Each structure stands twice: as structure tokens, then as C-alpha cells.
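Novice: Residue 2 is where the sequence shown starts when you use the working numbering, and the numbers rise one by one after that.
Heads up, the beta-carbon is just placed ideally off N, CA and C, and yes, glycines get one too.
Since we're looking at a predicted model, the values are computed, not measured.
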Amino acid sequence: MEKLFDLNDTLDFDDYSLLFNESSISVEELDCMLRHYNKTFSEEDDFCNTTWDGLSCWPATRAGTTVIIKCMEFLNRVPYDTTQNATRECHANGTWAARSDYSECRPLDQKDESFEVLWDVKDAHTIYSIGYGLSLIALAIALWIFMYFSDLRCLRNTIHTNLLVTYLFIDLTWIITAALQTSTSQEANKVACFLVILLII
2 MEKLFDLNDT
12 LDFDDYSLLF
22 NESSISVEEL
32 DCMLRHYNKT
42 FSEEDDFCNT
52 TWDGLSCWPA
62 TRAGTTVIIK
72 CMEFLNRVPY
82 DTTQNATREC
92 HANGTWAARS
102 DYSECRPLDQ
112 KDESFEVLWD
122 VKDAHTIYSI
132 GYGLSLIALA
142 IALWIFMYFS
152 DLRCLRNTIH
162 TNLLVTYLFI
172 DLTWIITAAL
182 QTSTSQEANK
192 VACFLVILLI
202 I
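Structure representation (C-alpha cells):
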């Protein structure tokens with residue numbers, strides 16, 4: 002960009018159009034040049050031209066000084082802390098340092114939605130486990146009562162016993178499947194897959 006025009010050049014709208022259309026200048030880079038176009042130094046002073054480094058606009062700066070600007074607002078759609086500063090040195094010979102220093106620019110702490118989802122899943126898993134565990138205990142007690150007391154044996158209670166046994170197996174299957182899903186073993190994954198299919202059927 003520095004080769005295309007000097008700060009002392011006079012440019013009109015057609016020149017800007019030509020610059021934008023016939024070169025690889027980005028909108029941000031052109032905006033950077035236009036914002037700092039009127040900044041001038043005396044002929045005797047060495048200075049670094051206004052430049053765009055791909056992230057920030059560095060204004061024309063007197064040689065031998067270090068420029069301090071605010072950090073960029075966004076990088077790859079990630080918000081950054083603009084209260085911090087980026088720096089770039091303008092060497093004594095009027096050339097910019099090869100790299101800008103963005104070490105103080107840090108992304109803002111954002112709530113990681115995927116992390117929140119993971120916590121939601123973990124919480125849901127805990128609630129399910131407690132629920133199925135309590136259900137399993139209650140079903141086991143109920144089955145023990147029906148089997149232990151012979152006076153309670155009748156057709157209606159036999160039907161209820163069969164229903165309780167079914168729920169007991171569903172609870173056990175869910176608990177085993179949930180436990181196997183956290184395992185990294187391939188065999189455990191196969192068993193978990195079979196149990197999931199069994200639950201669906």
C-alpha cells in the first residue's frame with residue numbers, strides 16, 4: 002500500500018476508485034488510509050506511513066517511536082478486550098517493525114454454550130440416575146412384598162407383579178446403558194447399543 006501513494010499526494014474520488022478496483026486493497030485497508038490521510042509531517046522528519054497489518058490500522062508515525070492503539074474489537078467473530086493495547090514500533094529509518102505486538106489483546110471471557118450444554122446433560126444424567134435408582138429400590142421392595150406374603154397372591158396381584166418386573170428390567174437396562182455409554186471400551190459400546198435397541202423394542 003505504501004508504494005501506491007504517499008501521504009503528500011493529492012487523490013480525488015477517481016483515484017480512490019482506481020485504488021480499490023485495481024489492487025488487492027480491502028475495504029478496511031482503504032478506510033484506514035482515508036482516516037489518516039491528512040496527517041502530515043515536515044519534510045525533514047522521517048516517519049512510517051499509515052499501514053494496515055490485516056487486523057489494525059496503524060497511523061502515520063514519527064520515526065523512532067512506538068505506536069499504541071486499542072486492541073481489535075473482533076477476531077474471527079470472537080470479541081476481544083478493547084481496554085488493552087496493541088503496539089508497533091516505527092524504526093528510526095522510517096520503517097515499521099515486521100510484526101505488531103498483540104500480546105496484550107485477549108479474548109473476552111464468554112460463556113461457552115457448548116460447556117453449558119455439557120453441564121445440562123450432566124445434570125440431566127444425574128437426575129435420571131437418581132430417579133431410576135429410587136424407582137429400582139421401590140420396585141424391588143414392592144416385588145419382595147408381593148412374593149413374601151402368600152396372602153397377597155391373586156390374579157390381580159400376579160398381573161401387577163409382572164408389570165413391576167417389566168419396570169424393574171427397564172430401570173436396570175437404562176442404568177446399565179447409561180453406565181456403558183461413559184465407557185471408552187468398544188465392547189461396552191456394543192453392549193450399550195444392543196441395550197438401547199432392546200429399550201426401543
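Out of curiosity, what's the CA-to-CA distance linking residue 85 and residue 69?
Specialist: For the purposes of this step, residue 85 is taken as the residue at position 84 of the sequence shown. For the purposes of this step, residue 69 is taken as the residue at position 68 of the sequence shown. Going from the Cα of residue 85 to the Cα of residue 69 covers about 10 Å.
Novice: Pull up the DSSP beta-bridge partners for residue 53, would you.
Specialist: Along the sequence shown, read from residue 1 onward, the residue named residue 53 stands at position 52. The partner list for residue 53 (beta bridge, DSSP) reads 58.
Novice: Taking the CB atoms as reference points, tell me whether residue 102 and residue 125 lie closer together than 8 Å.
Specialist: Translated into positions along the sequence shown, residue 102 becomes position 101. Translated into positions along the sequence shown, residue 125 becomes position 124. Cβ distance not < 8 Å, so residue 102 and residue 125 don't count as in contact.
Novice: Considering only C-alpha positions, which residue in the set 107, 176, 140 and 187 is nearest to residue 127?
Specialist: For the purposes of this step, residue 127 is taken as residue 126 along the sequence shown, with counting starting at 1. Checking every option, the nearest Cα to that of residue 127 belongs to 176.
Novice: Just verifying my parser: in three-state terms, what is the DSSP assignment at residue 77?
Specialist: As a position in the sequence shown, residue 77 is number 76, starting the count at 1. Note: residue 77 maps to coil in three-state DSSP.
Novice: Give a yes or no on whether the C-beta atoms belonging to residue 53 and residue 33 are separated by under 8 Å.
Specialist: Within the sequence shown, numbered from 1, the residue matching residue 53 stands at position 52. Within the sequence shown, numbered from 1, the residue matching residue 33 stands at position 32. Yes, the pair counts as a contact, with Cβ atoms nearer than the cut-off.
Novice: With DSSP as the reference, please indicate the residues paired to residue 86 in a beta bridge.
Specialist: As a first step, residue 86 is located in the sequence shown; it is residue number 85 there, counting from the start. DSSP output for residue 86 lists 71 as bridge partner(s).
Novice: Using 8 Å for Cβ pairs, my map puts residue 48 next to residue 64. What's the rounded Cβ distance?
Specialist: Along the sequence shown, read from residue 1 onward, the residue named residue 48 stands at position 47. Along the sequence shown, read from residue 1 onward, the residue named residue 64 stands at position 63. The Cβ separation is near 6 Å, so the contact holds.
Novice: Starting from residue 29, follow the alpha helix (DSSP H) in both directions and report where the run begins and ends.
Specialist: Counting from one through the sequence shown, the residue named residue 29 turns up at place 28. Unbroken alpha helix (DSSP H) run through residue 29: 28-36.
Novice: Should residue 81 go down as buried or exposed, given a rule of 16 or more other Cβ atoms within 10 Å for buried?
Specialist: The sequence position of residue 81 within the sequence shown is 80, counting from 1. With 16 or more other Cβ atoms within 10 Å, it is buried.
Novice: Give a yes or no on whether the minimum CB-CB distance between residue 139 and chain D is below 8 Å.
Specialist: The structure shown has no chain D; it contains just one protein chain.
Novice: Have a look at residue 83 and residue 95 and give me their C-alpha separation to the nearest angstrom.
Specialist: Position 82 of the sequence shown, counting from 1, holds the residue named residue 83. Position 94 of the sequence shown, counting from 1, holds the residue named residue 95. When rounded, the distance between both Cα atoms is 28 Å.
Novice: Beta-carbon within less than 7 Å of residue 158's beta-carbon, same chain only, minus the 5 sequence neighbours each way: which residues are those?
Specialist: Residue 158 sits at position 157 when you count from the first residue of the sequence shown. If we look at residue 158 and ignore the five residues flanking it on each side, its Cβ neighbours are 147.
Novice: Can you name, in chain order, every residue of its own chain whose Cβ lies under 8 Å from the Cβ of residue 154, other than the five neighbours on each side?
Specialist: Along the sequence shown, read from residue 1 onward, the residue named residue 154 stands at position 153. Once the five neighbours on either side are set aside, the close Cβ partners of residue 154 are 147.
Novice: Taking 8 Å as the threshold (C-beta atoms), are residue 66 and residue 91 in contact?
Specialist: Looking up residue 91 in the sequence shown gives position 90. Looking up residue 66 in the sequence shown gives position 65. Yes. Within cutoff.
Novice: Can you give me the Cβ contacts of residue 181 inside the same chain, cut-off strictly under 8 Å, excluding the 5 residues immediately before and after it?
Specialist: Counting from one through the sequence shown, the residue named residue 181 turns up at place 180. Closer than 8 Å at the Cβ level, and outside the excluded window around residue 181, lie 189, 190, 192, 193 and 196.
Novice: Among 174, 152 and 77, which has the Cα closest to the Cα of residue 133?
Specialist: Position 132 of the sequence shown, counted from the first residue, corresponds to residue 133. Per the Cα distances, 174.
Novice: Using CA coordinates, which residue listed in 156, 150, 164 and 61 is at the minimum distance from residue 140?
Specialist: Mapped onto the sequence shown, residue 140 falls at position 139. Checking every option, the nearest Cα to that of residue 140 belongs to 164.
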